[in-house]
Amino acid sequence: MLKVLTMKQIPVFSLDMMEGLVIERFEKAEVPVKPAHRDDHYIFIFQEEGHSKVMVDFNELTIDGCAVLCILPGQVHQGISATDTVAWFIAIDSELVSPVFQPNKPAAIAEAGILKRSISLLYDIKEKMPRQVVRSLTDACLGMFAQAYGPSHQDHSRAHVITRHFKSLLVKFNSSPADYASSLNISTAYLNEAVKSTTGFSVTYWIQQEIIMEAKRILYYTDNSVKEIANTLGYEDSTYFSRLFSKVAGISPVQFRAKYRE
1 MLKVLTMKQI
11 PVFSLDMMEG
21 LVIERFEKAE
31 VPVKPAHRDD
41 HYIFIFQEEG
51 HSKVMVDFNE
61 LTIDGCAVLC
71 ILPGQVHQGI
81 SATDTVAWFI
91 AIDSELVSPV
101 FQPNKPAAIA
111 EAGILKRSIS
121 LLYDIKEKMP
131 RQVVRSLTDA
141 CLGMFAQAYG
151 PSHQDHSRAH
161 VITRHFKSLL
171 VKFNSSPADY
181 ASSLNISTAY
191 LNEAVKSTTG
201 FSVTYWIQQE
211 IIMEAKRILY
221 YTDNSVKEIA
231 NTLGYEDSTY
241 FSRLFSKVAG
251 ISPVQFRAKY
261 RE
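Residue numbering for the sequence shown follows full-length UniProt numbering, beginning at 1 and increasing consecutively.
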């Protein structure tokens with residue numbers, strides 16, 4: 001059972017904008033278990049050995065042995081447990097990461113030795129070498145993370161590229177299909193066609209999914225009223241918001257809060 005935070009906002013951790021990269025190594029008993037929070041940047045956990053559990057947006061994920069886990073900006077997460085764990089914690093500014101990462105579970109690492117040496121080298125040179133050198137090695141590590149999550153032949157068709165960029169915008173803005181299309185310099189019809197052809201669902205579907213996920217996070221981790229949550233998410237009519245939540249989630253906001261806080 002996660003501890004409920006009786007506050008108006010879920011804690012948000014930010015990186016030093018001048019730094020953009022934080023690397024920490026944890027050895028077994030040193031691994032911290034933090035309260036639920038979200039980050040405005042990417043988190044990569046590269047576990048060399050051990051067993052750990054992390055809660056990410058209501059999904060309990062188990063990391064066994066050598067594996068990597070990516071946590072996207074905005075996802076509410078909390079460390080649950082860590083047993084005999086040796087791991088690297090890497091926080092990277094969103095501007096440095098390509099929007100190819102849409103993972104939701106740990107991924108096994110095939111070339112663990114190479115990745116381990118690369119991260120260790122990055123840790124050693126981060127404060128000593130020019131920024132461009134650090135950036136190049138960071139990109140190499142990100143490439144190995146991406147390979148673990150999917151085939152190396154990432155689909156670069158225009159529809160897939162548009163879809164990836166659209167999904168990266170979803171976590172930053174709560175907008176209409178037309179606003180997202182404008183941000184991508186394409187028409188609303190073309191955006192919807194691209195997203196539907198690659199995912200099977202419309203732009204509106206994905207917007208609603210992101211809004212309701214954010215509502216779930218606030219419902220669980222804060223004591224904000226449904227009306228306050230609706231206003232936070234841009235809905236002046238809380239009754240309409242409750243109907244939308246029930247339609248997408250299958251239960252009302254009040255029922256969701258009661259169910260997950262049991």
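Quick reminder that beta carbons are idealized off the backbone N, C-alpha and C, glycines included. Note that this is a predicted model, so its numbers are computed, not measured.
Distance between residue j and residue i (C-alpha atoms, nearest Å)
{"i": "Asp93", "j": "Gly79", "result": "21 angstroms"}
{"i": "Glu48", "j": "Ala148", "result": "14 angstroms"}
{"i": "Cys141", "j": "Glu27", "result": "21 angstroms"}
{"i": "Leu21", "j": "Arg135", "result": "9 angstroms"}
{"i": "His153", "j": "Ala146", "result": "Annotation note: pLDDT 44 at His153 (below 50); position unreliable, no value reported."}
{"i": "Ile63", "j": "Lys53", "result": "6 angstroms"}
{"i": "Arg38", "j": "Arg131", "result": "27 angstroms"}
{"i": "Glu193", "j": "Asp223", "result": "39 angstroms"}
{"i": "Gly50", "j": "Ala87", "result": "8 angstroms"}
{"i": "Leu15", "j": "Glu95", "result": "12 angstroms"}
{"i": "Ser183", "j": "Phe166", "result": "9 angstroms"}
{"i": "Ser202", "j": "Lys126", "result": "42 angstroms"}
{"i": "Thr85", "j": "Ala91", "result": "18 angstroms"}
{"i": "Asp124", "j": "Ile186", "result": "43 angstroms"}
{"i": "Asp237", "j": "Lys227", "result": "8 angstroms"}
{"i": "Phe58", "j": "Ala36", "result": "11 angstroms"}
{"i": "Val254", "j": "Asn231", "result": "16 angstroms"}
{"i": "Lys259", "j": "Gln208", "result": "21 angstroms"}
Where residue i falls, given that 16 or more other Cβ within 10 Å makes a residue buried
{"i": "Lys216", "result": "buried"}
{"i": "Arg117", "result": "exposed"}
{"i": "Val133", "result": "exposed"}
{"i": "Gly74", "result": "buried"}
{"i": "Arg261", "result": "exposed"}
{"i": "Val195", "result": "buried"}
{"i": "Ile114", "result": "exposed"}
{"i": "Val12", "result": "exposed"}
{"i": "Thr83", "result": "exposed"}
Reference residue i, options the options, closest by Cα
{"i": "Phe46", "options": "His37, Glu24, Glu60 and Thr239", "result": "Glu24"}
{"i": "Val68", "options": "Pro35, Ile43 and Gln75", "result": "Ile43"}
{"i": "Phe89", "options": "Val76, Cys70, Ser81 and Glu95", "result": "Cys70"}
{"i": "Ile218", "options": "Met129, Gly200 and Arg257", "result": "Arg257"}
{"i": "Lys105", "options": "Ala91, Leu72 and Thr85", "result": "Leu72"}
{"i": "Glu214", "options": "Val56, Lys34 and Pro35", "result": "Val56"}
{"i": "Asp40", "options": "Lys34, Ile10, Asp139 and Gln208", "result": "Ile10"}
{"i": "Met144", "options": "Val254, Ile109 and Ser225", "result": "Ile109"}
Residues near residue i in its chain [Cβ-Cβ closer than 6 angstroms; skip 5 each side]
{"i": "Val97", "result": "Tyr42"}
{"i": "Thr198", "result": "Ala159, His160 and Thr163"}
{"i": "Glu210", "result": "Leu170"}
{"i": "Ile229", "result": "Ala215 and Ile218"}
{"i": "Leu137", "result": "Leu122"}
Cβ shell of residue i (< 7 angstroms), same chain only, five flanking positions each side left out
{"i": "Ile212", "result": "Phe245, Val248 and Ala249"}
{"i": "Tyr235", "result": "Phe241"}
{"i": "Ala107", "result": "Ala67, Val68, Ala148 and Tyr149"}
Cutoff 8 angstroms; reference residue i; Cβ partners in own chain excluding five residues on either side
{"i": "Ala112", "result": "Glu48 and Cys66"}
{"i": "Ser252", "result": "Ser242, Phe245 and Ser246"}
{"i": "Leu191", "result": "Ile162, Phe166, Pro177, Tyr180, Ala181, Leu184 and Val203"}
In DSSP terms, what residue i is bridged to
{"i": "His51", "result": "Asp64 and Thr83"}
{"i": "Asn59", "result": "Val56"}
{"i": "Glu27", "result": "Val86"}
{"i": "Val38", "result": "A small correction: the amino acid at residue 38 is Arg; Val does not occupy that position in the sequence shown. Val12, per the DSSP bridge assignment."}
{"i": "Ile71", "result": "Ile43"}
{"i": "Ala108", "result": "Ala67"}
Contact with chain B by residue i, beta-carbon distance below 8 angstroms
{"i": "Val133", "result": "Protein chain content of the structure displayed is limited to a single chain, and chain B is not contained in it."}
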